[in-house]
Every structure is written in C-alpha cells, then in structure tokens.
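Novice: Below you will find the structure I want to go over with you.
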Amino acid sequence: MSIDTSTAARVAKLARIKVEDDALPALAAEFNNILGFIEQLNEVDVDGVEPMTSVTPQRLKRRGDVVSDGSQQQAILKNSPDAREGFFAVPKVME
Amino acid sequence: MTDLNTLGLAEARDALRAGSTTSKELTEACLKAIEDAGVLNAFAHHTPEIAMEQAAAADARIAVGDAPEMCGLPIGIKDLFCTKGVPSQAGSRILEGFLPEYESTVSGNLLGSGAVMLGKLNMDEFAMGSSNETSVYGNAINPWKVDERQLTPGGSSGGSAAAVAADLCLAATGTDTGGSIRQPAAFTGTVGIKPTYGRCSRWGVVAFASSLDQAGPMTKSVRDAAIMLETMCGYDPKDSTSADLAVPNFEALMTGDIRGKKIGLPKEYRMDGMPAEIDKLWADGADMLRDAGAEIVDISLPHTKYALPAYYVIAPAEASSNLARYDGVRYGHRATLDAGDGITEMYEKTRAEGFGPEVQRRVMIGTYVLSAGFYDAYYNRARRVRTLIKKDFEDVFATGVNAILTPATPSSAFGLGEMTDVDPVQMYLNDVFTVTVNMAGLPGISVPVGLDSKGLPMGLQLIGRPWEEGDLLSSAYALEKAAGFVAKPTKWW
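Read top to bottom, the protein sequences are chains A and B.
Note that the first sequence covers residues 25 to 119 in my numbering.
Note that the second sequence covers residues 534 to 1026 in my numbering.
Now the structure itself:
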C-alpha cells in the first residue's frame, strides 16, 4: 500500500489537523514507512481468529438508569477558551 | 544522617512510624533536592505550598495513629494524571492552562492515604515517545552520565524515572501503554511495575490508548513498588474496565521465596543484533533465579515479532479517537482565527498548533487505519493478531510457568538527540520487549540488575500471570536480592 500526497491530505483533513501543502510529501513518506512496518501483519494466519474486544475476560458492569451526577455547569465551562452565558462559544457552524 | 530525600518508601514509612523523622522534614529535603536539580527538567510543575500543607496534615495523622502506608511520603505525579487545580497538560501544548476540576482516581487514592505531592513530572507528549523528547516542556535528562553526552531517561515516564533515580522524590507515578514505565525504569536503575490491565483505574488519567493504558509506581526498590501499587489499585465504578477484585497486601506476599517456581525464557526475545551485554545480563538473571531455587525452562511465544506492528495499529487507532476531544472548545488551547474562519478551520488550526509532530503522526496513522476501506485490513487484522499474542502467553502459563524473564530494553540509555534523524520505527523498537505485555494485559516489572561496560544501568523484565502481582513482586524481590544492584548516579547537576 503506497500513500500519495492526495491521500495524506485526505487523512489530515479527516483528522482535522492542518498540514501545509509543502509538508505533504514528507508526511506521505512517513506514513509509507510506518505502514511498511505494519505490513508484516499480513504474514500472520488469522483465519478463524476473533478480533480482541477486551483483554481481560469481563462483562461490563451495569448500573441503574438514573441520574447520578450533574449540575456542574460552572465546573464544566471553567476551562473553556471561550465560554459565554453558560455555553461554549464557537465560530459560525451553519452557512 | 542520610539525606532524607535518598530514602525509599519503606525506610521513610518506618522512620515516620518510629517518630525518628517527620513528613515535613522529608518533604523539605525533597523540595531542596528538586530546587538543585532544575537542569534535569524532571519536574514540569512545582507544588511546594501544596506539599508542605499535605506534609503538615500527614504529620497530624501520624501523631494520632491514623497513618496508612503512604502517609507522609513525598512523591511526584506524572503530568498525565489530572490533579485538581494543578496544571495537568500531558506534556502537550494543547492542554496549556488546563486546571482540572477533579482529581484522578489513582492520584486521589495516593493523596487520600496521606501521600505528599511535590509536583507534576515531565513526560513525552500524551505519553507518545520512548525518550521524553516529544514533551512541550523540553527533554527530561537522565541523572546517569558517563561522558559529555546528556542521556535520555527513557519515556514516556521520563520525568518520573529521572526524579526517582536522582532522589528528588521517594517514588513517582508512571503510566505504561507500550513500556512507558518499564523502559525508563531500566534506563535509570529504578524499579517500575505495570500491573494487570484493570488493576488501576484509568479515570482522570489523560487517555492515550484505552485498551492498553495502565498506571503503576516507579520506585527505588521492589518493596517500595509493592507498597505504592497497593495504594494505587482498587475497583473504581468510574472506569468501566476497572477490575472488581480485592487488592491483596502485596508487600506481605513478597516473600522472595521462589523455590520450585517455574520461570520461562522465551526464545523469541533473543533478537538479531542484540548487544552481547544485554544477552549476558539475561543469562546472569536466569542463573540468579535458578540459584534461588527456581526451575528455568525454555518457552516459546511465537507471535512476539508481530506485537510491535500490531501495537502501531491499535495504539494510534485508539489515540486518534481519544484525542478527538482536543478541539479548542472545552479546554486548553484554541488557535487565533482569521476573519471568515469557520469551525473546521478552528479545529484544524488548533490541533496543528497544539499537537507536536509525533502526536500528529500517530493521530493521522490512527485515522488512516480506521478509515473506510482499511478498517478490516489494518485495525481488525491487528486485533486478531492481538488475540494470538495473548494466547501465546495463556498457553505458556497453562504449562505451569509462574513468570517469564526477558530483557527490559534492547540497549542501555542512549544520548538525547541521537535518534532525531532516524526514522520513527527505529525509536518504536525500544518497546520491543515490553509491548507484548500491554497487548496481553499482563503485569510486568522492570528490575535493575547490572551496569554495562559504560557504567549505565540495565534492567530485566519479569512478566507475571494476570492478577498475580503479588507472586510477580516476590520473584522480582528474589531477583533484586540476588543482583544486589546498589549503584547510584554520581551527582553532576
């Protein structure tokens, strides 16, 4: 699998990380290097092997469907770079 | 009298109980040592006022006989743990200015038992690194020095390892996703244990790869590791993968009697190009355990070779998902926007400015392996391989093997900057002996066993059965006693 600059640009976009055009060839080369290392996994026979979902055999705990926490608006907003009138403020989302 | 900051947890605990010192004196000694060791860049955030208040409170508890194991003992906390009202940045620019409104369960367990927090420790950004060179705070520096070069303390818990080795604290917390406790411990002549996945709550620990991350102690001795681990562990309803199991008294289980125990040596860990000194250390370690009465057996873990490539699918995949939360909205850094920039530009600029190159690389690799069309080829295949890696260990344990002995790292500490120009995969190879343990969710401990010809510490790793940290610590204690490693770095800072 070889990654070209347009694939690198698409991945950067999906990851929401701005990468300048002139940095894309180096990024694509890094991806190819790491993916080349990962390709070794194709040597392994995984037929009939289940993908691991939990490393320790355990069933997730259930709890009652009741409110157990809340009313912490101030604490939640405290670290926001831009909080106004009890909300997180962001740039315009809708065109 | 010995400088108080050079004590271990057990010695200091016993001195406090005997009334021959106070938490205030211990804490002052550590704060002074930290002040003198600025060049090591081990502590990223200093909390001397908090430490002195906690020390006074601990002394009051000790005076009335309410002194849990960790009461009054000054420790450092890795920057990955959220600590209420104290900067917790995970070594990243993107969390600049973040002051948690809550305390992580593990640090809360320690502070609740009376431990004293000296400050927050340097680390690789989001725990992604093996040399502490990806930190926004700059490199942490290994107190071990044998020539003009400055050496890495390892990573990602590099600040923790440097601080413990340089006696800036009695012990420190670390976290381990692929070897981030055990590799730095080996590079600094200290002890580090990663418990079974689920022993320590992950709640309030900044997430890197949730199915692999575990917290653990970094200490000056195996006994200290047992003491501190017990306080850190415990069921936590706030972490859905936390194990609802009783926590044993690890120190009491640590007899060091390994007569009749079966210790396995996996042939796949004998790597091409492994330095002869590491190979010899490993053989010496096996002899020590044999002399102590253990039966040494050759074993095979056939999928070992695939653990690192599988890790470099699974860990970045989980990281890309976990780190999606750093969007410039709820906490931390937000980029300055240009006129007309919308929300997508805000995300993209914020994350480009806030994440360093290694974190960006891993987030994007993770995004790629999870993207449509590649999910099965990469992510699901890696998870299948992970099942096989775990089965390798289960098969070996089913034959009656109690623990597995391996080298901790493929080399001793290397120079800072020496890996800058090699490709990232070369750096990833640092974790080749440790990463299998995270993939299988097992407990693993690094014990210092000797010095190489340059005079740098080298460690061996013991891998235990799930939930049997007590037994693992006992084997580690036997190895520690036999190795008799007492070397300390010569103070140059």
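All C-beta atoms, glycine included, are put in the ideal place defined by N, C-alpha and C.
#1: Using C-beta distances below 7 angstroms, list every residue in its chain close to leucine 537 of chain B, excluding the 5 sequence neighbours before and after it, in chain order.
#2: Which residue wins for smallest C-alpha separation from lysine 653 of chain B, given the options B:Pro808, B:Tyr880, B:Ser693?
#3: Assuming proline 750 of chain B is part of the beta strand (DSSP E), what are its boundary residues?
#4: Would you say glutamine 994 of chain B lies against chain A (beta-carbon separation less than 7 angstroms)?
#5: Hey, lysine 795 of chain B and valine 970 of chain B: beta-carbon distance below 7 angstroms or not?
#6: Using 7 angstroms as the limit for Cβ to Cβ distance, is glutamate 74 of chain A near chain B?
#7: For chain B, find out if any of its Cβ atoms is closer than 7 angstroms to the Cβ of serine 26 of chain A; answer yes or no.
#8: Which residues of the stretch 713-733 of chain B have a Cβ closer than 9 angstroms to any Cβ of chain A? Give them in chain order.
#9: Within the same chain, show all residues whose beta-carbon is closer than 6 angstroms to that of serine 95 of chain A, passing over the 5 residues directly before and after it, in chain order.
#10: Taking the beta strand (DSSP E) that serine 556 of chain B belongs to, which residues open and close that run?
#11: Is there at least one Cβ from chain A nearer than 7 angstroms to asparagine 963 of chain B's Cβ?
#12: What do you get for valine 896 of chain B, buried or exposed, if any count of 16 or more other CB atoms within 10 angstroms of its CB means buried?
#13: Does arginine 858 of chain B get closer than 7 angstroms to chain A when you measure Cβ to Cβ?
#14: Which chain B residues sit within Cβ distance under 9 angstroms of glutamine 122 of chain A?
#15: Find out if the Cβ-Cβ distance for the pair alanine 648 of chain B, proline 676 of chain B is shorter than 7 angstroms.
#16: Run through DSSP, which three-state label would glutamine 994 of chain B get?
#17: With C-beta atoms as the reference, is leucine 903 of chain B less than 7 angstroms away from tyrosine 912 of chain B?
#18: From B:Tyr864, B:Gln622, B:Gly988, B:Ala852, pick the residue whose C-alpha is nearest to that of alanine 1020 of chain B; which is it?
#19: Could you work out which residue in B:Tyr844, B:Arg863, B:Asp805, B:Ser1008 is closest to glycine 826 of chain B when comparing CA atoms only?
#20: Could you tell me whether the Cβ atoms of aspartate 769 of chain B and serine 744 of chain B are closer together than 7 angstroms?
#21: Which bits of chain A does methionine 807 of chain B rub up against, with CB to CB less than 9 angstroms?
#22: Starting from the beta carbon of arginine 550 of chain B, find every residue of chain E whose beta carbon is closer than 7 angstroms, and list them in chain order.
#23: Could you give the first and the last residue of the continuous alpha helix (DSSP H) run that contains leucine 693 of chain B?
#24: In three-state terms, what does DSSP make of leucine 613 of chain B?
#25: For glutamate 784 of chain B, which three-state DSSP category applies?
#26: Check whether the stretch 112-119 of chain A and the stretch 868-879 of chain B are in contact - that is, three or more C-beta pairs closer than 8 angstroms.
#27: For the candidate residues B:Lys678, B:Val669, B:Pro799, B:Pro686, whose alpha-carbon lies nearest to that of proline 940 of chain B?
#28: By Cβ distance, which residues of its chain are closer than 6 angstroms to isoleucine 847 of chain B, with the 5 residues on each side in sequence left out?
#29: I need the straight-line Cα distance from asparagine 642 of chain B to valine 955 of chain B, nearest angstrom please.
#30: Closer than 7 angstroms, CB to CB, is aspartate 956 of chain B near chain A or not?
#31: By alpha-carbon positions, which one of B:Leu540, B:Trp1000, B:Gly875 ends up nearest to tryptophan 782 of chain B?
#32: Which residue marks the beginning of the beta strand (DSSP E) containing leucine 654 of chain B, and which one marks its end?
#33: What runs of the beta strand (DSSP E), each 3 residues or longer, lie entirely inside the stretch 857-909 of chain B?
#34: Would you call the stretch 820-839 of chain B in contact with the stretch 881-901 of chain B, where contact means no fewer than 3 C-beta pairs closer than 8 angstroms?
#35: Consider the Cβ of phenylalanine 112 of chain A: report whether some Cβ of chain B lies at a distance smaller than 7 angstroms.
#36: Take glycine 1003 of chain B as the anchor and find which of B:Gly688, B:Ala779, B:Lys813, B:Glu544 has the nearest alpha-carbon.
Specialist: From the atom records:
#1: Thr554, Glu558, Leu559, Ala562
#2: B:Ser693
#3: 747-752
#4: no
#5: No. Outside cutoff.
#6: yes
#7: no
#8: Thr729, Tyr730, Gly731
#9: none
#10: That residue, serine 556 of chain B, is in no beta strand (DSSP E); its alpha helix (DSSP H) goes 556-569.
#11: Not one chain A Cβ lies under 7 angstroms of asparagine 963 of chain B.
#12: buried
#13: Interface criterion not met: the Cβ of arginine 858 of chain B is under 7 angstroms from no Cβ in chain A.
#14: What is shown of chain A runs 25 to 119, which leaves residue 122 of chain A out entirely.
#15: no
#16: strand
#17: Their beta carbons are under 7 angstroms apart, which means leucine 903 of chain B touches tyrosine 912 of chain B by this criterion.
#18: B:Gly988
#19: B:Ser1008
#20: No, these two residues do not count as a Cβ contact at 7 angstroms.
#21: Near methionine 807 of chain B there are no residues of chain A at all, since even the closest Cβ is about 19 angstroms away, more than 9 angstroms.
#22: The structure shown contains no chain E; the protein chains it does contain are A and B.
#23: Note that residue 693 of chain B is serine in the sequence shown here, rather than leucine. Segment 691-698, the alpha helix (DSSP H) holding serine 693 of chain B.
#24: Note: leucine 613 of chain B maps to coil in three-state DSSP.
#25: Helix at glutamate 784 of chain B.
#26: yes
#27: Closest by alpha carbon: B:Pro799.
#28: Ala915
#29: 41 angstroms
#30: yes
#31: The residue you asked about is not tryptophan; residue 782 of chain B is asparagine in the sequence shown. When only C-alpha atoms are compared, the closest one is B:Trp1000.
#32: 649-654
#33: none
#34: no
#35: yes
#36: When only C-alpha atoms are compared, the closest one is B:Ala779.
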